[in-house]
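Notes to accompany the following structure.
Residue numbers (the working numbering), protein chains in the order written: chain X, 1 to 732; chain Y, 733 to 991.
What follows is the structure in structure tokens.
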């Protein structure tokens with residue numbers, strides 16, 4: 001019998017590991033068809049190890065959702081410990097009385113093994129409840145599992161259950177069948193409580209039957225484990241292998257903040273003189289880097305991204321999860337072409353089926369206005385793998401990246417695909433062309449031109465120093481900060497109020513500052529997030545030249561988008577400055593007593609975290625400190641706040657595009673803000689304020705918001721407390 | 733069919749314009765661009781070429797050295813090549829001189845159809861197409877809201893108050909295109925890079941056989957004697973409606989002679 005079980009076990013193992021190995025080799029080769037990653041991504045071993053400890057071992061991001069997080073923690077560590085029982089099972093295949101050296105028959109070892117096995121089962125029960133409660137058939141699009149593969153997910157739970165009970169049952173039979181081991185003690189006798197339950201159950205069957213049972217259960221548990229392994233390599237459950245490299249090679253500290261420049265073949269593209277073969281963004285699935293392809297393979301379809309996505313939550317055709325699944329499906333469908341041996345002309349030398357050829361020809365992104373482009377796996381194929389509207393619905397708010405437990409870089413992939421669409425195909429929502437033309441010709445999104453850039457300062461009762469106005473060629477030494485007003489602050493009526501409030505507060509605090517005036521131009525944020533890297537580079541290089549020539553060192557910014565670009569992206573084009581957001585500077589000045597908010601502001605307020613200030617740049621506390629410093633002000637937080645803040649709808653150049661799919665993002669957020677019963681809704685970014693003001697105005701028009709509700713920057717509320725006489729009558 | 737599109741490199745409309753001591757616009761002090769109104773003509777030419785109606789499209793401009801940027805922009809939208817007439821003696825030329833030089837350049841390039849915008853965004857005179865037609869002795873059809881070419885005939889729809897005129901004329905002809913035509917496409921970066929490889933020929937006045945004394949500031953028919961900036965716009969009058977709003981509004985309008 002020993003021989004039979006050894007041979008059977010060996011055959012099963014060889015066949016299943018062979019199948020799984022072949023699949024993994026195929027996936028590896030497919031991943032290798034991707035582009036190289038940018039330099040430096042794989043070289044920071046320290047950061048990779050820290051990330052593995054925090055995110056894989058510590059399950060940091062999963063634990064943000066307490067119940068599913070704890071359940072996953074239990075399954076993860078359950079499986080880690082179960083690996084010892086798997087070692088024991090394979091050992092028993094070769095040598096019936098095998099035990100792990102030294103610790104193998106310590107009672108606490110058996111106890112820990114069984115404890116984690118039972119924890120696994122408990123976690124499975126939690127997962128079952130979650131999957132029933134949150135089933136798409138109950139919740140529809142509100143379910144985070146909407147669009148995920150549900151059958152395979154249930155099968156995974158079922159298989160994990162089988163793995164656990166067969167291992168425990170085998171151990172139970174093994175206790176009964178066990179002869180005295182090498183140390184003279186019997187295994188599992190003490191400590192292994194769950195195995196002993198099975199031992200008790202099987203005991204009446206007698207020694208001989210238990211010996212047979214032990215063999216049967218051993219083979220069964222190995223079969224279950226091996227079949228599960230093979231299944232995993234063919235399923236969305238690949239994350240149990242792939243999340244380890246995916247976390248190790250993720251962009252650090254996170255794939256938010258500044259975008260990466262355009263890389264082709266691992267080298268930065270020089271837009272002044274690009275190479276003929278340079279890739280401009282991602283136009284084909286194989287234009288993604290291998291890390292991109294790894295992302296698609298690692299996605300576990302958990303839907304945490306989807307649950308937070310402003311596009312998905314307002315009925316738009318974008319879910320970051322479904323996008324990852326779509327790209328994975330397309331990569332797998334295109335694999336026969338990608339992996340075929342290519343001749344000198346780059347065409348496959350082996351015959352491909354018509355379906356494979358069709359997939360190879362299929363564009364990555366559906367053409368503009370093409371409603372037939374589809375993601376479904378059942379119906380007829382659309383033209384592009386990714387529908388046009390899916391790509392353009394993204395606000396780049398980063399909620400998906402923030403949530404993803406395995407560090408998938410959704411926003412980077414979306415921008416890379418947009419880059420190809422804009423740079424190579426000139427295909428983008430038509431209405432955004434006005435903004436691009438305005439940036440190119442007037443240097444601002446509205447097309448007002450440089451001559452209008454000082455109008456905002458005219459009503460102030462003190463002089464705002466303008467660089468170059470008195471013939472200075474560099475910023476004088478007495479100037480502490482260059483105030484980057486931004487296009488909105490200079491040209492948009494509402495944002496001008498913020499610009500004046502900040503200028504007045506700095507003036508009150510005795511901070512010497514200067515503005516660039518006509519020499520300032522758009523930082524290029526909307527162009528870059530639309531994918532127009534060429535225009536971004538032009539604007540960035542122009543601004544960096546202006547700033548470097550002026551000798552700018554410290555810059556204060558009122559716009560969250562300008563802040564992000566100046567602080568995180570200008571270093572890529574040679575602009576290195578100490579960039580501070582106005583809320584940070586003002587909070588410091590209040591703390592130092594240079595600004596005294598002494599007048600009561602009797603109002604209820606809530607604070608909306610701008611994505612590019614909060615999630616992208618981790619500035620959560622400064623604006624809140626300012627609000628807390630204002631006497632009389634009562635702050636109520638919204639449900640979706642800080643890292644989980646919900647976008648206003650303006651990011652990713654969506655400010656300049658029509659929003660005619662689904663419901664409006666700004667109204668979704670406005671309603672949440674109005675739910676706190678505020679007198680004034682505050683934010684710290686001009687675009688958020690525009691979107692929220694529009695939302696509040698609409699609700700006032702509809703009669704669902706009080707006429708008195710206002711929307712204002714944090715700085716303006718601070719000014720009310722510092723110099724109430726300087727605050728103009730608010731417009732809501 | 734060969735189309736030549738006349739394009740102008742104009743000072744950026746949103747920029748602050750400065751004037752040189754000779755009271756001409758200081759082109760060195762202001763960014764320039766391809767006139768937005770000419771972009772409609774460029775787009776029409778590109779479309780006629782894509783439809784197979786035009787076999788060759790050439791862009792022609794008269795302007796300072798930087799005007800080549802305007803030609804590059806046009807070439808990014810479409811067309812095959814460009815001609816740039818530039819000569820220091822052209823400085824300060826009026827529409828008459830410009831039309832003379834354009835006519836001479838058109839004789840050199842050859843054409844079946846000449847397209848232009850409805851006006852330049854700087855001088856806004858709209859007279860150059862007619863002047864060129866006159867100098868070359870060819871037909872003209874101006875302010876085309878739409879155009880089509882069939883056989884040797886170009887037909888346009890000309891929007892006027894209360895009626896749409898349909899005008900047809902035999903080639904060779906010159907047609908000016910209005911801003912009711914489709915807007916110029918947004919050129920992809922790929923097209924911008926490709927445009928840099930398209931040939932641009934530069935001519936001087938001597939190359940075209942134009943006497944330098946017949947162009948330039950000295951030969952201009954109109955002398956500019958002074959330049960003053962437009963007074964800044966003052967805040968308007970706000971009439972709060974307290975039951976008398978309508979009457980006050982009427983009074984305001986009649987006091988200013990509007991009604």
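Beta carbons: idealized from backbone N, C-alpha and C, even for Gly.
Three-state class that DSSP yields for residue 319 of chain X in the structure shown: coil
Chain Y contact for residue 264 of chain X (CB, 8 angstroms cutoff): no
Test item: CB-CB of residue 812 of chain Y and residue 788 of chain Y under 8 angstroms: yes
9 angstroms Cβ cut-off: residues of chain X touching residue 740 of chain Y: In chain order: nothing, as chain X lies at least about 15 angstroms away.
Own chain partners of residue 896 of chain Y with C-beta closer than 8 angstroms, once the 5 adjacent residues on each side are dropped: 877, 889, 890
Residue 972 of chain Y, DSSP secondary structure in three states: coil
is_contact[residue 448 of chain X, chain Y] using C-beta, thresh 8 angstroms: yes
Contact set between residue 433 of chain X and chain Y, taken where Cβ atoms lie within less than 9 angstroms: 915, 917, 918
Cβ-Cβ distance between residue 529 of chain X and residue 415 of chain X below 8 angstroms: yes
Assigned secondary structure, residue 640 of chain X (DSSP; H/G/I helix, E/B strand, else coil): coil
Per-residue DSSP class, three states only, for residue 609 of chain X: coil
Distance CB(residue 861 of chain Y)-CB(residue 848 of chain Y) smaller than 8 angstroms: yes
Nearest to residue 605 of chain X (by Cα), restricted to the options X:129, X:680, X:42, X:684: X:680
Helix, strand or coil at residue 672 of chain X according to DSSP, with G and I counted as helix: helix
Partners in chain Y for residue 442 of chain X, counting only beta-carbon separations shorter than 9 angstroms: 744, 745, 746, 747
Identified DSSP bridge partners for residue 513 of chain X: X:481
Spatially closest choice to residue 599 of chain X from X:721, X:567, X:624, by CA coordinates: X:721
Short-range partners of chain Y found in the region 270–281 of chain X, where Cβ spacing is below 7 angstroms: 274, 280
Among X:486, X:403, X:315, nearest to residue 644 of chain X - alpha-carbon criterion: X:403
Contact check, residue 418 of chain X vs residue 439 of chain X, beta carbons under 8 angstroms: no
Pick from Y:797, Y:913, Y:981, Y:963 that is closest to residue 969 of chain Y, judged by C-alpha positions: Y:981
Residue 823 of chain Y - DSSP class collapsed to helix/strand/coil: coil
Sufficient close CB pairs (3 or more, under 8 angstroms) joining the region 531–538 of chain X to the region 258–272 of chain X: yes
Boundaries (first-last residue) of the alpha helix (DSSP H) holding residue 137 of chain X: 136–139
DSSP three-state assignment for residue 849 of chain Y, whether helix, strand or coil: strand
Chain Y residues whose Cβ lies nearer than 7 angstroms to that of residue 534 of chain X: 921
CB of residue 718 of chain Y within 8 angstroms of CB of residue 832 of chain Y, strictly: A query on residue 718 of chain Y cannot be resolved here, the shown segment of chain Y reaching from 733 to 991 and no further.
Any chain Y beta carbon closer than 8 angstroms to residue 423 of chain X: yes
Three-state class that DSSP yields for residue 263 of chain X in the structure shown: strand
Where the beta strand (DSSP E) containing residue 578 of chain X begins and where it ends: 578–581
Segment contact flag, the region 690–709 of chain X with the region 745–757 of chain Y, C-beta cutoff 8 angstroms, min 3 pairs: no
Beta carbon of residue 226 of chain X nearer than 8 angstroms to that of residue 173 of chain X: no
The region 466–484 of chain X in contact with the region 942–962 of chain Y per 3-pair CB rule at 8 angstroms: no
Assigned secondary structure, residue 623 of chain X (DSSP; H/G/I helix, E/B strand, else coil): helix
Proximal residues of chain Y, C-beta to C-beta of residue 436 of chain X below 9 angstroms: 918
Cα-Cα separation, residue 166 of chain X to residue 221 of chain X: 5 angstroms
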